[in-house]
């Protein structure tokens, strides 16, 4: 989960990372009031999850509260790389002597953590890597040892930060590592990390990406979710603990186990080539539980997608046997009632498959079509979707 800058700074404050005073708002009037409260020049910063805000006009210096009001009016509603600005951060403007760069991230290729540091802050780090690679330090971090003050100082030194700032920078770098580890982040980036004329080290910007798989350890992270930007179907699925990803096709997919669902997507896409090019509409893994409630929640999500013309339920019975899955499907259709209005192709295999198929035959539900194999089910679901 990517955070807005103001949310990243909330985590910085929580872990003692020094930054500038500021507050977030969604009105120009509040921006003026915040600027008056701060009592100093401020920066008006668009809160969007995109880079290049400054070049797009999303970051402005305001010498007075009236300037803050004017800039806020211009920035709110601004389109920055397809992201509409709905909130702005009003933060105290700081005098800057030097700008640096620091980040912690996952190094997936080497299966470890990586610190990146450079004396060339304030510009796109990709540009630094391309034009001045010798000025960008890439330092592997041992996950067991972590980052103590001595190692943090070494990171700053390898990034060519001035000798007289190394100790102060090390303190902030260690605290940023604390944010990275204790908040289960996959990225913590500060650009720029600045040195003021008074030799303060401040994080004037912040980018944080949190690992959503670790949310169970962080109840407070739920408040960071940007529900306005989340697809409503994905939000509904998440509320029901379903693994759902919306795609752009017409055949809804329900399966148990990520591997089976991924295979089902491929088979449906292949079958769709013979039926007008229909494609899978989603990835939905109900996991090991196929109770009536879980199946109803899954169908409710999929049937809420106007693009879906048919649904392919592909389940391999294991611990949850096929008869339980079949009962779940029948009861789910009863629960949904008139909302269940699109054809379902069901393929069952595995534990108690004969009993499961018989339950669906006996139900004689007009929306249910049984398939013996995955290929047959995919072809039938694609055919039904194309006919709609």
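Numbering (the UniProt record's numbering), first residue to last: 1 to 388.
Ideal Cβ positions, reconstructed from N, Cα and C, are used throughout, including at glycine.
Are the CB atoms of residue i and residue j nearer to each other than 8 Å?
i: residue 330; j: residue 381; result: no
i: residue 250; j: residue 158; result: no
i: residue 46; j: residue 85; result: yes
i: residue 25; j: residue 80; result: no
i: residue 113; j: residue 141; result: yes
i: residue 317; j: residue 348; result: yes
i: residue 136; j: residue 118; result: yes
i: residue 367; j: residue 340; result: yes
i: residue 44; j: residue 60; result: yes
i: residue 23; j: residue 90; result: yes
i: residue 11; j: residue 183; result: yes
i: residue 311; j: residue 302; result: yes
i: residue 416; j: residue 364; result: Absent from the model: residue 416. The displayed extent of the chain is 1 to 388, so no value can be given.
i: residue 197; j: residue 95; result: yes
i: residue 65; j: residue 36; result: yes
Would you decide whether residue i is buried or exposed? Buried here means 16 or more other CB atoms lie within 10 Å of its CB.
i: residue 372; result: exposed
i: residue 332; result: buried
i: residue 188; result: buried
i: residue 32; result: buried
i: residue 167; result: exposed
i: residue 319; result: exposed
i: residue 111; result: exposed
i: residue 388; result: exposed
i: residue 124; result: exposed
i: residue 55; result: exposed
i: residue 298; result: buried
i: residue 58; result: buried
i: residue 237; result: buried
i: residue 258; result: exposed
i: residue 13; result: exposed
i: residue 393; result: Residue numbering for the chain in the displayed model covers 1 to 388; residue 393 lies beyond these limits and cannot be assessed.
i: residue 149; result: exposed
i: residue 97; result: exposed
i: residue 235; result: exposed
Of all Cβ atoms in chain D, is any one closer than 8 Å to the Cβ of residue i?
i: residue 139; result: The chain inventory of the structure shown lacks chain D, comprising one protein chain alone.
In its own chain, which residues sit with a C-beta less than 7 Å from the C-beta of residue i, not counting the 5 before and 5 after it?
i: residue 265; result: 253, 280 and 283
i: residue 323; result: 352, 355, 356 and 359
i: residue 8; result: 206, 207 and 208
i: residue 132; result: 120
i: residue 221; result: 210 and 215
i: residue 153; result: 166, 167 and 170
i: residue 383; result: 275
How many Å lie between residue i and residue j at the Cα?
i: residue 240; j: residue 278; result: 28 Å
i: residue 73; j: residue 67; result: 10 Å
i: residue 100; j: residue 93; result: 17 Å
i: residue 165; j: residue 256; result: 55 Å
i: residue 129; j: residue 6; result: 27 Å
i: residue 286; j: residue 3; result: 28 Å
i: residue 218; j: residue 369; result: 43 Å
i: residue 51; j: residue 271; result: 40 Å
i: residue 343; j: residue 224; result: 38 Å
i: residue 146; j: residue 109; result: 19 Å
i: residue 34; j: residue 161; result: 34 Å
i: residue 30; j: residue 83; result: 22 Å
i: residue 134; j: residue 127; result: 12 Å
i: residue 151; j: residue 181; result: 15 Å
i: residue 273; j: residue 376; result: 14 Å
i: residue 1; j: residue 69; result: 31 Å
i: residue 233; j: residue 362; result: 32 Å
i: residue 48; j: residue 199; result: 30 Å
i: residue 245; j: residue 76; result: 30 Å
i: residue 191; j: residue 71; result: 22 Å
i: residue 321; j: residue 107; result: 40 Å
i: residue 185; j: residue 226; result: 17 Å
Beta-carbon within less than 6 Å of residue i's beta-carbon, same chain only, minus the 5 sequence neighbours each way: which residues are those?
i: residue 15; result: 175, 178 and 179
i: residue 18; result: 202
i: residue 163; result: none
i: residue 115; result: 104, 139, 141 and 155
i: residue 247; result: 280, 281 and 282
i: residue 326; result: 356, 359 and 360
i: residue 309; result: 250, 385 and 388
i: residue 294; result: 286
Across which residues does DSSP place residue i in a beta bridge pair?
i: residue 117; result: 102 and 137
i: residue 43; result: 61 and 91
i: residue 185; result: 210
i: residue 350; result: 317
i: residue 195; result: 98 and 201
Skipping 5 residues on each side, what residues in its chain have a beta carbon closer than 8 Å to that of residue i?
i: residue 63; result: 41
i: residue 193; result: 99, 100, 101, 102, 121, 169, 172, 201, 202, 203 and 204
i: residue 276; result: 386
i: residue 336; result: 296, 299, 300 and 303
i: residue 262; result: 283
i: residue 53; result: 45, 46, 59 and 80
Compute the minimum distance between the beta carbon of residue i and the heavy atoms of the ligand GTP, and state whether it is under 7 Å.
i: residue 254; result: What this structure holds is no ligand at all, so the ligand GTP is not there to describe.
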